[in-house]
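Taken in order, these protein sequences are the chains called A and B. The working numbering applies: residue 1 is where the first sequence begins, and numbers increase by one. The working numbering applies: residue 1 is where the second sequence begins, and numbers increase by one. Even glycine gets a Cβ: it sits at the ideal position worked out from N, Cα and C. Inspection log for the structure reproduced underneath, given as structure tokens.
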Amino acid sequence: MARVVIDGKSYEVDGRRNLLHACLSLKLDLPYFCWHPAMGSVGACRQCAVKQFKDDRDTAGRLVMACMTPAADGTRISIDDPEAKAFRASVIEWLMLNHPHDCPVCDEGGECHLQDMTVMTGHVVRRNRFPKRTYHNQDLGPFLTHEMNRCIQCYRCVRFYRDYAGGRDFDVFGAHDQVYFGRAEDGVLESEFSGNLVEVCPTGVFTDKTLARHYTRKWDLQWAPSICAHCGLGCNTSVAERGGMLRRVMNRVNPEVNGHFLCDRGRFGYERAQRVTEDPEKEKRTPEDSEKKGLSESSGSSGVKRFSEFSGSLCGLLIGIGSPRASMESNFALQTLVGKDHFYSGLSDLDASLVSLILDILRNGPARAASLQDVENADAVFILGEDVTNTAPRLALSLRQSVRQKALERIGKGGIPLWHDAAVREAMQDEHGPLFIATPYATRLDDVATAVWRAAPDDLARLGLAVAHEIDAEAPAVSGFRMPMNSMADALRDARRPIVVCGTSCGSVPLIQAAANVAWALRRQGRAADLCFTVPECNTMGAALLGGGRLGAAFEAEADTVIILENDLYGRAGAAQVDGFLGRVKHVVVLDHLRTRTTSKAHLVLPAATFAESSGTTVNNEGRAQRFFQVLPSREPVMASWRWISEMLVAAGRTGWASLDEVLAAMGDARIRAAAPPAAGQRIPRRPPRYSGRTAMAAHVSVHEAPPPPDPDSPLAFSMEGFSPEAPPPLTPFFWWPGWNSIQAAHKFADGPSGVRLIEPGQRGAFFREVPAPFTPRRGEWWVVPVHHIFGTEEQSAMAPAIVKRSVEPTLALRPEDASDLGVSTGGAVQCMLDERTYRFRVQLRPELPVGVAGLSLMGATKGVGLPCWMALRRA
Amino acid sequence: MISILRSLWGVFLHAFRRRVTHRYPDEPMPLPPRWRGRIVLTRDPDGGERCVACYLCAVACPVHCIALQATEDASGRRFPEWFRINFSRCIFCGYCEEACPTYAIQLTPDFEMSECERKNLVYEKEDLLIAGMGKVPGYHYYRVAGVAIEGKGKGEAENERPPVDVRGLLP
Numbered sequence: 001m002a003r004v005v006i007d008g009k010s011y012e013v014d015g016r017r018n019l020l021h022a023c024l025s026l027k028l029d030l031p032y033f034c035w036h037p038a039m040g041s042v043g044a045c046r047q048c049a050v051k052q053f054k055d056d057r058d059t060a061g062r063l064v065m066a067c068m069t070p071a072a073d074g075t076r077i078s079i080d081d082p083e084a085k086a087f088r089a090s091v092i093e094w095l096m097l098n099h100p101h102d103c104p105v106c107d108e109g110g111e112c113h114l115q116d117m118t119v120m121t122g123h124v125v126r127r128n129r130f131p132k133r134t135y136h137n138q139d140l141g142p143f144l145t146h147e148m149n150r151c152i153q154c155y156r157c158v159r160f161y162r163d164y165a166g167g168r169d170f171d172v173f174g175a176h177d178q179v180y181f182g183r184a185e186d187g188v189l190e191s192e193f194s195g196n197l198v199e200v201c202p203t204g205v206f207t208d209k210t211l212a213r214h215y216t217r218k219w220d221l222q223w224a225p226s227i228c229a230h231c232g233l234g235c236n237t238s239v240a241e242r243g244g245m246l247r248r249v250m251n252r253v254n255p256e257v258n259g260h261f262l263c264d265r266g267r268f269g270y271e272r273a274q275r276v277t278e279d280p281e282k283e284k285r286t287p288e289d290s291e292k293k294g295l296s297e298s299s300g301s302s303g304v305k306r307f308s309e310f311s312g313s314l315c316g317l318l319i320g321i322g323s324p325r326a327s328m329e330s331n332f333a334l335q336t337l338v339g340k341d342h343f344y345s346g347l348s349d350l351d352a353s354l355v356s357l358i359l360d361i362l363r364n365g366p367a368r369a370a371s372l373q374d375v376e377n378a379d380a381v382f383i384l385g386e387d388v389t390n391t392a393p394r395l396a397l398s399l400r401q402s403v404r405q406k407a408l409e410r411i412g413k414g415g416i417p418l419w420h421d422a423a424v425r426e427a428m429q430d431e432h433g434p435l436f437i438a439t440p441y442a443t444r445l446d447d448v449a450t451a452v453w454r455a456a457p458d459d460l461a462r463l464g465l466a467v468a469h470e471i472d473a474e475a476p477a478v479s480g481f482r483m484p485m486n487s488m489a490d491a492l493r494d495a496r497r498p499i500v501v502c503g504t505s506c507g508s509v510p511l512i513q514a515a516a517n518v519a520w521a522l523r524r525q526g527r528a529a530d531l532c533f534t535v536p537e538c539n540t541m542g543a544a545l546l547g548g549g550r551l552g553a554a555f556e557a558e559a560d561t562v563i564i565l566e567n568d569l570y571g572r573a574g575a576a577q578v579d580g581f582l583g584r585v586k587h588v589v590v591l592d593h594l595r596t597r598t599t600s601k602a603h604l605v606l607p608a609a610t611f612a613e614s615s616g617t618t619v620n621n622e623g624r625a626q627r628f629f630q631v632l633p634s635r636e637p638v639m640a641s642w643r644w645i646s647e648m649l650v651a652a653g654r655t656g657w658a659s660l661d662e663v664l665a666a667m668g669d670a671r672i673r674a675a676a677p678p679a680a681g682q683r684i685p686r687r688p689p690r691y692s693g694r695t696a697m698a699a700h701v702s703v704h705e706a707p708p709p710p711d712p713d714s715p716l717a718f719s720m721e722g723f724s725p726e727a728p729p730p731l732t733p734f735f736w737w738p739g740w741n742s743i744q745a746a747h748k749f750a751d752g753p754s755g756v757r758l759i760e761p762g763q764r765g766a767f768f769r770e771v772p773a774p775f776t777p778r779r780g781e782w783w784v785v786p787v788h789h790i791f792g793t794e795e796q797s798a799m800a801p802a803i804v805k806r807s808v809e810p811t812l813a814l815r816p817e818d819a820s821d822l823g824v825s826t827g828g829a830v831q832c833m834l835d836e837r838t839y840r841f842r843v844q845l846r847p848e849l850p851v852g853v854a855g856l857s858l859m860g861a862t863k864g865v866g867l868p869c870w871m872a873l874r875r876a
Numbered sequence: 001m002i003s004i005l006r007s008l009w010g011v012f013l014h015a016f017r018r019r020v021t022h023r024y025p026d027e028p029m030p031l032p033p034r035w036r037g038r039i040v041l042t043r044d045p046d047g048g049e050r051c052v053a054c055y056l057c058a059v060a061c062p063v064h065c066i067a068l069q070a071t072e073d074a075s076g077r078r079f080p081e082w083f084r085i086n087f088s089r090c091i092f093c094g095y096c097e098e099a100c101p102t103y104a105i106q107l108t109p110d111f112e113m114s115e116c117e118r119k120n121l122v123y124e125k126e127d128l129l130i131a132g133m134g135k136v137p138g139y140h141y142y143r144v145a146g147v148a149i150e151g152k153g154k155g156e157a158e159n160e161r162p163p164v165d166v167r168g169l170l171p
């Protein structure tokens, strides 16, 4: 801690920060552009000038850039000094020389940091009479609009895209006052994190192209805190709607999870839910009965009545299948309805065994489940079998920061403050710390890896086990294994906070055991080693925590009625098996918001709410329970799944739940309940204070304004009335502060973490002892591993229009040698028999694949194939 | 008594004074051009809609009686997909006109818009849009703004240099 004097007042601040960061943390207004909380200072924009004084007798002082000055003990500065103010005003005037006259048609308008700073410095009249500089724009793909005229050359975009996110296809070009931020030529931005430019850019050079299709100003949107539903990491988001239409997703800072950035799938994947929720009638979101078509015009309660007719006396033979993409509450409600013995968790059998193994490792072993922030701070990383960019994209961004930690430590010792980004990068050059990647195929992180190794999953597991043995002799040895990466065990042992990244994507049990062995071996050596497992869906971990039978057992179970909760069984098991099951059960009831093959086979489909229409809790890969909140007011007959089930309970003469808090109370887990405050006390408005058009939006329907819809499930209100500035982090719907309209207002809010960790490590130290046999290729058959795609694999975002434009065609990846043996080349087709069905795949050549291994895109129909598996391929 | 007579005399004299009451509606009311009455949406000199759907009128409105939805056409021009003013809420304060950066929304000297039913006071874009430029003749937002639209490329707006050649090496 350090004491600094700002404008005559003494404050206690964090001495490791720079003055700008310190001032902003004190909620003082100091204009800035190029500084970013996650990216540090470069002192490029000269906007944060303040007057610094030597001591209390110094009255002259000197101008310094706050972002480039450490908040050292005893520092005396003045923000309000007239000279500093005049300096800042002239900097703004100079930045505005070439800024075009287009705020009214700029999507950033109303949430523009440049607007805010211009107003804050008081620059109101343009004095310059000379013509403005202009630029041509580029087409940057389906996510971003480019408008270079608005640029103020703060360099934040290149610093994020190249330095922070490791992108290579975006840069700054040109010279002197004609620099240009863009690509060498028009084209899609390759980075999976390009969407963050919308928030990183302080003005409107990069804006959200999906938002422009249904443009609404930030002040006109109704926001709710949400949790991204598109992978297992549980990034915190703010989702926004207006007029019943889901309009955009923005980042919500959670320092322990996503920090300041999201991946493009999380940011732009909302369009699927938008389609689904936009028009319930067009999307046929009414209870649907395959036998009695007339039910579709009926309201919600008759859906339940129909259901009770179905199940009436059959309760004993009622089973339920949960879902890893439904909330904890919905899964719990179903479990309550059908009883613990008749509840099945809805994960595929393979996923269920992998995730329960992961749970066992994290709960009983000594290694902790790492948060994304822990990953960012790790000084050595070993990735076993995961293509993280495609399975848990935001994790890849954290891993890119972790490779800097070793060098940062050295640089920090040398006296360079770590926020001094330019100096740090200069001192660091290309040095990047230990990151070992062992995967079946190339990943997007290979460019920062210390060493990469390609092998079949079993061989990867052997590598992991061998490394564990080398770190700690107690761990089982792997006979006949030649270590491909010599320095690996040493590098991990040398680290203070090493992390092992693994996950379910290879579908390999030995691999996960090997990852655990490595982390445990490091723990035995006294290192604070953590484990980071990726899981496929937003509540996979929660579904595993809740327990339930295997899906395979559900297919065997005796049942007259099955209730399937937000789950497409065809993506979890073979089509023949699912067909047999659904054909055998008399009544199939499906609660879902997506139309899937399972809903088409159902006898009764009840329209369940999407993440935007309901509140609930999900548990991320780290075991962190986080609450998401409804942003779209409820519309009959769509209801949250747990509400449907509550109605069913009532219809069966049992007690249901009226609000989310009642479900949470029934669940009885105080930690899950503590993930967010209950619905009590002063309401927090979902709408910004400037929300407009309340008396005109629906005036064409009725001139009498309806009261705001009630929300029994959360302390948030569908209104602009209430009190928001002191909302706790899990309840902050959006970042706005007087004078700070852009997302940069985040620093005005409490920056504590949100969510509650449900899993803490145990003490067990016994290593996994089974060592898998080396992988032996077969003739004419390939071990086909799933290839995940950031755009396309995840069910809920796969159909979003912008995501579809970035999706690739599903392919089968083969080694060129294997392909030429089969007589096919890139673009050719192969076929194979699986489950008595013939599949045809287009071939993609990937020379890095290990012998005997092929990769198959995991999207759509291939999800039920049961990868990984042996496949006999032949030319189609 | 004297005061009563004086009053009578006064009243009698008034019979010959000039009439001050206005015989509205037989005689139309002369209103100053800056009168804040019925709101209209004007067009630019080319006949295109001036409104670029920036939402500033909506947010300036103290009674929240303006709502709209922005959209963009193939030529790159922004315009409101729909634009609605609920005149049964409007207080004719003129803040929307002040806020409008393109002189699109204007208040006119017309107050004769009484209705028996409130719902008839909800005006849609078709009811608001007029054929002319209103009080600000000649102004064309896109001739000033830096964005490119069909027929006006980058660097062709007022007071703009031609677009930078990024690959140029000249100092």
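Arg840 (chain A), buried or exposed, once every other Cβ within 10 Å from all chains shown has been counted against 16: As a first step, residue 840 (chain A) must be located in the first sequence, where it is residue number 840. Here Arg840 (chain A) is exposed. Its C-beta has fewer than 16 other C-beta atoms within 10 Å.
Any non-hydrogen atom of the ligand NAP closer than 7 angstroms to Val136 (chain B) Cβ: For the ligand NAP, the structure offers nothing, since it holds no ligand at all.
Assigned exposure category for Met488 (chain A) - 16 Cβ within 10 Å defines buried: The count along the first sequence starts at 1 and reaches residue 488 (chain A) at position 488. Flag for Met488 (chain A) reads buried.
Ser88 (chain B) versus Met697 (chain A): straight-line alpha-carbon distance, rounded: Here the question's residue 88 (chain B) lines up with position 88 in the second sequence. Here the question's residue 697 (chain A) lines up with position 697 in the first sequence. Roughly 13 angstroms between the two C-alpha positions.
Length-filtered (4 minimum) alpha helix (DSSP H) runs lying within the stretch 635-691 of chain A: 641-651, 660-667 and 670-673
Beta carbon proximity, Met697 (chain A) to chain B, threshold 8 angstroms: Start at 1 with the first residue of the first sequence, and residue 697 (chain A) comes out as number 697. So, interface residue.
Complete runs of the alpha helix (DSSP H) confined to the stretch 356-439 of chain A [at least 4 residues]: 372-376, 388-391, 393-402, 405-413 and 421-428
Residue-chain proximity (His700 (chain A), chain B), Cβ-Cβ < 8 angstroms: Along the first sequence, read from residue 1 onward, the residue named residue 700 (chain A) stands at position 700. Answer yes: the Cβ-Cβ gap between His700 (chain A) and chain B drops below 8 angstroms somewhere.
Partners in chain A for Tyr95 (chain B), counting only beta-carbon separations shorter than 9 angstroms: For the purposes of this step, residue 95 (chain B) is identified with residue 95 of the second sequence, where counting begins at 1. Residues of chain A passing the Cβ test: none, with the nearest at roughly 12 angstroms.
Near-chain B residues of the stretch 100-121 of chain A (beta-carbon distance less than 9 angstroms), N- to C-terminal order: Pro100, His101, Asp102, Cys103, Pro104, Val105, Cys106, Gly109 and Gly110
Minimum Cβ-Cβ distance from Ala706 (chain A) to chain B less than 8 angstroms: To locate residue 706 (chain A), count along the first sequence from 1; it is residue 706. Chain B contact via Cβ: absent.
Exposure label - Glu12 (chain A); buried when at least 16 CB within 10 Å: Taking the first sequence and counting its residues from 1, the one referred to as residue 12 (chain A) is at position 12. Exposed, since its Cβ has fewer than 16 Cβ neighbours within 10 Å.
First and last residue of the uninterrupted beta strand (DSSP E) at Pro163 (chain B): The residue you call residue 163 (chain B) lines up with position 163 of the second sequence. That run of the beta strand (DSSP E) goes Glu160 to Pro163.
8 angstroms Cβ cutoff, Asn149 (chain A) in contact with chain B: Counting from one through the first sequence, the residue named residue 149 (chain A) turns up at place 149. Yes, Asn149 (chain A) lies at the interface with chain B (some Cβ there is under 8 angstroms from its Cβ).
Opening and closing residue of the alpha helix (DSSP H) in which His146 (chain A) lies: Within the first sequence, the letter at position 146 stands for residue 146 (chain A). Careful: His146 (chain A) lies outside any alpha helix (DSSP H), inside the beta strand (DSSP E) at Leu144 to His146.
At least 3 beta-carbon pairs within less than 8 angstroms: the stretch 493-502 of chain A vs the stretch 580-587 of chain A: no
Contact with chain B by Ser296 (chain A), beta-carbon distance below 8 angstroms: Numbered from its first residue, the first sequence carries residue 296 (chain A) at position 296. Low confidence applies to Ser296 (chain A): its pLDDT is 43, below 50, so where it sits in the model is not reliable, and the reading given next is rough at best. With 8 angstroms as the cut-off, Ser296 (chain A) does not count as an interface residue toward chain B.
Nearest-angstrom Cβ-Cβ length linking Thr599 (chain A) and Leu569 (chain A), presumed shorter than 8 angstroms: Sequence index remark: in the first sequence, residue 599 (chain A) carries index 599 (1-based). Sequence index remark: in the first sequence, residue 569 (chain A) carries index 569 (1-based). Contact flag wrong, Cβ pair sits at about 10 angstroms.
Proximity test, Cβ basis, 8 angstroms: Ser88 (chain B) and chain A: Indexing the second sequence from 1 puts residue 88 (chain B) at position 88. True, the Cβ-Cβ gap to chain A drops below 8 angstroms.
Under 9 angstroms from the C-beta of Ala99 (chain B): neighbouring residues of chain A: Looking up residue 99 (chain B) in the second sequence gives position 99. What Ala99 (chain B) touches in chain A: nothing, since even the nearest Cβ is about 10 angstroms away.
Below-8 angstroms beta-carbon distance, Ala176 (chain B) vs any chain A residue: No answer is possible for residue 176 (chain B): it lies beyond the span of chain B, which begins at 1 and ends at 171.
From A:Val804, A:Leu822, A:Asn390 and A:Gly792, residue whose alpha carbon lies closest to that of Leu233 (chain A): Start at 1 with the first residue of the first sequence, and residue 233 (chain A) comes out as number 233. Leu233 (chain A) has its Cα closest to that of A:Asn390, out of A:Val804, A:Leu822, A:Asn390 and A:Gly792.
Buried versus exposed, by CB contacts within 10 Å (16 or more), Asn18 (chain A): By one-based count along the first sequence, residue 18 (chain A) stands at place 18. Buried, by the Cβ-count rule.
At least 3 beta-carbon pairs within less than 8 angstroms: the stretch 653-672 of chain A vs the stretch 706-714 of chain A: yes
Neighbour-count burial assignment, Gly864 (chain A), 16 or more Cβ in a 10 Å radius: The residue labelled residue 864 (chain A) in the question sits at position 864 within the first sequence. Residue environment analysis places Gly864 (chain A) among the buried positions, since at least 16 neighbouring C-beta atoms fall within 10 angstroms of its C-beta.
CB contact check: His603 (chain A) to chain B, cutoff 8 angstroms: Here residue 603 (chain A) refers to the residue found at position 603 of the first sequence. Not an interface residue.
Cross-strand partners of Leu834 (chain A) (DSSP beta bridge): The residue given as residue 834 (chain A) occupies position 834 in the first sequence. Looking at the DSSP output, Leu834 (chain A) bridges to A:Arg837.
Arg874 (chain A) versus A:Gly548, A:Ala473 and A:Leu834, residue with shortest Cα-Cα distance: Position 874 of the first sequence, counted from the first residue, corresponds to residue 874 (chain A). Among A:Gly548, A:Ala473 and A:Leu834, the Cα nearest to that of Arg874 (chain A) belongs to A:Leu834.
Cβ-based contacts, 8 angstroms cut-off: residues of the stretch 131-158 of chain A near chain B: Pro131, Lys132, Arg133, Thr134, Tyr135, His136, Asn137, Glu147, Asn149 and Arg150
Under 9 angstroms from the C-beta of His22 (chain B): neighbouring residues of chain A: The sequence position of residue 22 (chain B) within the second sequence is 22, counting from 1. Within 9 angstroms Cβ-Cβ: nothing; His22 (chain B) doesn't reach chain A, min ~31 angstroms.
Best match in A:Ala84, A:Ser78 and A:Leu114 for proximity to Leu95 (chain A) [C-alpha to C-alpha]: Counting from 1 along the first sequence, the entry for residue 95 (chain A) is found at position 95. Nearest C-alpha to Leu95 (chain A): A:Leu114.
First through last residue of the beta strand (DSSP E) which encompasses Val13 (chain A): For the purposes of this step, residue 13 (chain A) is taken as the residue at position 13 of the first sequence. Lys9 to Val13 is the span of the beta strand (DSSP E), which, as asked, contains Val13 (chain A).
Residue nearest to Ala212 (chain A) in terms of C-alpha spacing, selected from B:Phe16, B:Ala15 and B:Arg77: Stepping through the first sequence from its first residue, residue 212 (chain A) is reached at position 212. Ala212 (chain A) has its Cα closest to that of B:Arg77, out of B:Phe16, B:Ala15 and B:Arg77.
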